[in-house]
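Residue numbers (our numbering): 100 to 365. A virtual CB, placed ideally from N, CA and C, is assigned to each residue, including glycine.
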């Protein structure tokens with residue numbers, strides 16, 4: 100995966116997270132450690148294989164993203180979202196933030212993005228699987244949350260073009276023991292904390308954009324994992340609320356920049 104693609108793991112519709120906590124209990128990396136630590140690669144692939152085998156799951160994410168202003172000051176924006184997945188053709192995301200949030204629905208036929216605060220929604224035809232739909236959404240400028248964890252090529256994508264892989268050690272994430280891994284790619288340093296158990300799900304993701312002088316950080320903490328959820332009928336199908344206005348997908352970026360009256364869809 101390229102640095103730019105990895106940064107899109109947290110959606111254009113907004114993902115990201117907080118600053119690194121002190122690594123209490125973590126094993127310090129040694130100066131003579133190999134650049135590509137086989138243990139780090141093995142643990143990441145183990146997580147990827149496990150995620151690929153899940154037919155359904157749901158997870159809550161708390162995220163924070165650094166935004167660097169023109170004067171050099173760094174601010175942090177926060178949001179939270181819930182992700183619900185039913186392979187191969189069901190995906191729903193509900194994001195909340197101070198800006199109002201957004202919702203994404205995929206039912207195997209269409210992708211719908213809805214903004215509750217403004218009561219606008221946009222619909223596009225979609226392929227038959229989540230993996231194909233993630234790629235199609237990117238073509239439209241919509242990056243879905245944790246896209247690489249939805250792909251059957253998770254391990255391959257995350258390990259592409261890495262220049263360094265380190266097993267940092269074990270640490271706690273929300274009271275759960277986790278294996279902390281650190282990776283480097285051109286323009287990106289990133290870490291992942293994977294539950295140290297028979298259910299090796301990702302518990303935290305931290306990304307630093309090293310291309311920028313101020314190295315903004317994105318951090319997402321994943322909690323409330325359910326690997327065998329029961330979804331209600333209609334979970335993945337969008338039903339427009341009363342008064343909702345349908346707009347073209349190309350209007351979504353303008354809407355995110357604060358435009359209040361996008362052109363209605365024909």
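Report yes or no: is there a C-beta of chain B within less than 7 Å of the C-beta of residue i?
i: residue 223; result: Absent here is chain B; the protein component of the structure consists of one chain.
Buried or exposed for residue i, please, with buried defined as at least 16 other CB atoms from any protein chain shown within 10 angstroms of its CB.
i: residue 227; result: exposed
i: residue 173; result: exposed
i: residue 164; result: buried
i: residue 259; result: exposed
i: residue 121; result: Note that residue 121 scores 34 on pLDDT, short of 50, meaning its location in the model is unreliable; the coordinates nonetheless yield the value given after this. Residue 121 comes out exposed.
i: residue 284; result: buried
i: residue 287; result: buried
i: residue 148; result: exposed
i: residue 253; result: buried
i: residue 202; result: buried
i: residue 214; result: buried
i: residue 299; result: buried
i: residue 338; result: exposed
i: residue 185; result: buried
From the DSSP output, in three-state form, read off residue i for me.
i: residue 334; result: coil
i: residue 144; result: helix
i: residue 278; result: strand
i: residue 347; result: coil
i: residue 247; result: helix
i: residue 229; result: helix
i: residue 309; result: coil
i: residue 120; result: Note that residue 120 has pLDDT 31, beneath the 50 cutoff, so the model's placement of it is unreliable and no number is given.
i: residue 259; result: coil
i: residue 125; result: Unreliable positioning characterises residue 125 in this predicted model, as indicated by a pLDDT of 44, which lies under 50. The coordinate reading is nonetheless provided below. In the structure shown, residue 125 sits in coil (DSSP, three-state: anything other than H, G, I, E or B).
i: residue 184; result: strand
i: residue 137; result: helix
i: residue 314; result: coil
i: residue 237; result: helix
i: residue 268; result: strand
i: residue 195; result: strand
i: residue 152; result: helix
i: residue 298; result: coil
i: residue 342; result: coil
i: residue 254; result: helix
Pick out whichever of the options has its Cα sitting closest to the Cα of residue i.
i: residue 197; options: 216, 262 and 208; result: 216
i: residue 345; options: 222, 334 and 168; result: 222
i: residue 278; options: 343, 269 and 141; result: 269
i: residue 261; options: 282, 251, 242 and 249; result: 282
i: residue 183; options: 146, 237 and 249; result: 249
i: residue 255; options: 218, 145 and 158; result: 145
i: residue 199; options: 209, 218 and 347; result: 218
i: residue 153; options: 349, 251, 348 and 257; result: 251
Roughly how far, in whole angstroms, is the beta-carbon of residue i from the beta-carbon of residue j, given that I think they are within contact range, below 8 Å?
i: residue 236; j: residue 243; result: 6 Å
i: residue 205; j: residue 212; result: Going by Cβ atoms, the distance from residue 205 to residue 212 rounds to 10 Å, so no, they are not a contact pair.
i: residue 293; j: residue 156; result: 15 Å between Cβ atoms; not a contact.
i: residue 181; j: residue 320; result: Incorrect: roughly 13 Å between the Cβ atoms, too far for contact.
i: residue 324; j: residue 158; result: 5 Å
i: residue 142; j: residue 280; result: 6 Å
i: residue 194; j: residue 168; result: The Cβ separation is near 23 Å, so there is no contact.
i: residue 263; j: residue 135; result: 7 Å
*Taking one C-beta from the stretch 224–235 and one from the stretch 186–198 each time, how about it: are there three or more such pairs within less than 8 Å?*
yes
*How about the stretch 295–311 and the stretch 269–282: do they share at least three Cβ pairs that are nearer than 8 Å?*
Yes, they touch.
*Is the stretch 330–345 touching the stretch 309–316 in the sense that three or more CB pairs, one from each, lie closer than 8 Å?*
no
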